[in-house]
Amino acid sequence: MTVDKKDSYVRMLFIDFSSAFNKIIPQQLIYRLVQLGLNILLCNWLLDFLTGRPQAVRVGSNTSSTITLNNWAPQGCVLSPLLFTLLTHDCIPSHNSNLSINFANDTTVVGLISNRDETYYRSEVSCLAGWCSDNNLSLNMEKTKEIIVDFRRVHTQNAPLTINGASVERVSSTKFLGVHITEDLSWTKNTAALAKKAQQCLYFLRKMKGARALAPIMCTFYRVTIKSILTSCITVWYGACKASCWKTLQRIVRAAEKIVGVSLPSLQDIYGTRLTRKALCIAGDPTHPSHSFFSLLPSGRRLQSLQARTSRLKDSFIHQAVRKLNSLPNLPPPPFPLPPQAPLNYEPPHRSHIPRYFHSPLSLTYDDMYQSLCAALVCSLPHSA
């Protein structure tokens, strides 16, 4: 996906599988694991774990008859998301204008449309539907949604997307891994949802103060509830949200301060700390999809600045992260290997070139997911004013 490409827009398909974990066929999964080179003893252990599982339902003193299950991964098991990721590891796009982002059973297809030619994108969706059919997976069309991100001055009528004869509903916003994504890439709706949820938790904090709870206990409650809500994926949206939005969230922090009676870190401070930590993490990880954006200048003291002609691109995570590292008094000496140079029009690697771990829920955080998704979106769009 290229930067500053004219007459282009992005279509995002947010896919929902019907009972994804219940559709795993153990024998098919083990075949995939053997292909990936897993130890045969481990594969046999997993096969034994997934097959012949007795199950019964007990209500009070009554217990149902026992049935034996052989064709699904247990719900709530920590292994299930990882096994589903391994089962679907070969679901990759066939054209470099498309991107597939997988997190366990949450799959998003991002397609860059150039010159109004949607052939590759529609072909990708058709191939995905065929792949699902071949792998015993079915799409929940009622929950599968599509967003079109189009900042062109002149919009054209977009033909609806159909999968297996059913039309996909186009929406202006959707919730992806707990964060609201909108077609204008603004974060107003997301911050409003965070503020509403955090306000509800303030009620319980006031109740604790009324019960004369100790300040350390109230601080702990604040950290695990209100703070965790307000800072969810903060490195992705905080730098690009409107001042009125972050001021609304900061007022909630100040309200909590008055209740607890202890000074609490501001959202700006939390954002700065987490942005620096995340930027250093990506810069020090050559396998990260965004690693090549962090290029050292020949002097070795600063990173190469990224060009941006719009505030939308300037406020995106990658640009904010590079500026943040350049604002440090001194860059940490490379224990982290940085690439020698990367062109300003860097093109993210093809999905098939991304290491397998990138799609594993055990090593990939929600922040990583949103940074990758937003980087793909912002860098794909025409950056006219």
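The opening residue of the sequence shown carries number 4 in my numbering; numbering runs sequentially from there. Where is the CB? At the ideal position from N, CA and C, for every residue including glycine.
Same chain, Cβ closer than 7 Å to N193, five either side skipped, listed in chain order: Excluding positions up to five away in sequence, the list reads V182, H183, W240.
Three-way DSSP call (helix, strand, coil) for K230 in this model: Annotated three-state conformation of K230 is helix, per DSSP.
Of the listed residues D120, S103, K148, F297, nearest to C130 (C-alpha basis): Nearest Cα to C130 within the set D120, S103, K148, F297: S103.
Residue span of the beta strand (DSSP E) that contains S314, given as start and end: Unbroken run through S314 is the alpha helix (DSSP H), 314-317; no beta strand (DSSP E).
Nearest-angstrom Cα separation, counted from V128 out to Y34: Cα to Cα, the separation comes out at about 25 Å.
Nonlocal neighbours in the same chain, by C-beta distance under 6 Å from E149, ignoring five residues either side: Hits under 6 Å: L16, L164, V171, R173.
Backbone secondary structure at G114 - three-state DSSP: It is a strand residue.
Status (buried if at least 16 other CB within 10 Å, exposed otherwise) for S366: The predicted model places S366 with a pLDDT of 41, which falls under 50 and marks its position as unreliable; any figure quoted below should be read in that light. Residue burial is scored here from C-beta neighbours: S366 has fewer than 16 other C-beta atoms within 10 angstroms and is therefore classed as exposed.
Limits of the alpha helix (DSSP H) - the one that H322 falls within: Membership of H322 in the alpha helix (DSSP H) is indicated by the continuous run 320-329.
Exposure of Y12, with buried meaning 16 or more beta-carbon neighbours within 10 Å: The residue in question, Y12, is buried, as its Cβ has 16 or more Cβ neighbours within 10 Å.
W48 versus T54 - alpha carbon distance: Whole-angstrom Cα-Cα distance: 10 Å.
Proximal residues to R359 (C-beta, below 7 Å), its chain only, five neighbours per side dropped: Residue placement at R359 is flagged as unreliable, the pLDDT there being 33, under the threshold of 50; the coordinate-derived value follows with that caveat. Closer than 7 Å at Cβ, skipping near neighbours: H92.
Alpha-carbon to alpha-carbon, N329 and L300: Distance between the alpha carbons of L300 and N329: 11 Å.
Cut-off 7 Å between Cβ atoms - residues of its own chain near L86, not counting five sequence neighbours on either side: These residues qualify, in order along the chain: I27, L32, A76.
beta-carbon K245 near the ligand MG non-hydrogen atom, thresh 8 Å: No copy of the ligand MG occurs in the structure displayed, which carries no ligand at all.
Sufficient close CB pairs (3 or more, under 8 Å) joining the segment 193-209 to the segment 280-290: The answer is no - the segment 280-290 does not touch the segment 193-209, with fewer than three Cβ pairs under 8 Å.
Residues near P96 in its chain [Cβ-Cβ closer than 7 Å; skip 5 each side]: Here the set comprises L102, S103, E127, R354.
Delimiting residues of the alpha helix (DSSP H) encompassing F296: Segment: none, F296 is in no alpha helix (DSSP H) and carries neither H nor E.
L252 versus A198 - alpha carbon distance: Between L252 and A198, the C-alpha separation is close to 6 Å.
Where T88 falls: helix, strand or coil (DSSP): In the displayed model, T88 falls within a helix according to three-state DSSP.
DSSP beta-bridge partners of P57: By DSSP's assignment, P57 forms a beta bridge with T71.
Beta-carbon contacts of Q307 that lie in its chain and below 6 Å, excluding the five residues immediately before and after: Closer than 6 Å at the Cβ level, and outside the excluded window around Q307, lie S298, L300.
Member of S302, I237, A169 whose CA lies at the smallest distance from the CA of I273: If we check each option's Cα against that of I273, I237 comes out closest.
Nearest-angstrom Cα separation, counted from L233 out to I262: Using only the alpha carbons, I get a separation of about 17 Å.
Sequence-distant residues of its chain with Cβ nearer than 8 Å to T159 (five each side left out): Apart from the 5 residues on each side of it in sequence, T159 sits with its Cβ closer than 8 Å to the Cβ of R119 in its chain, given in chain order.
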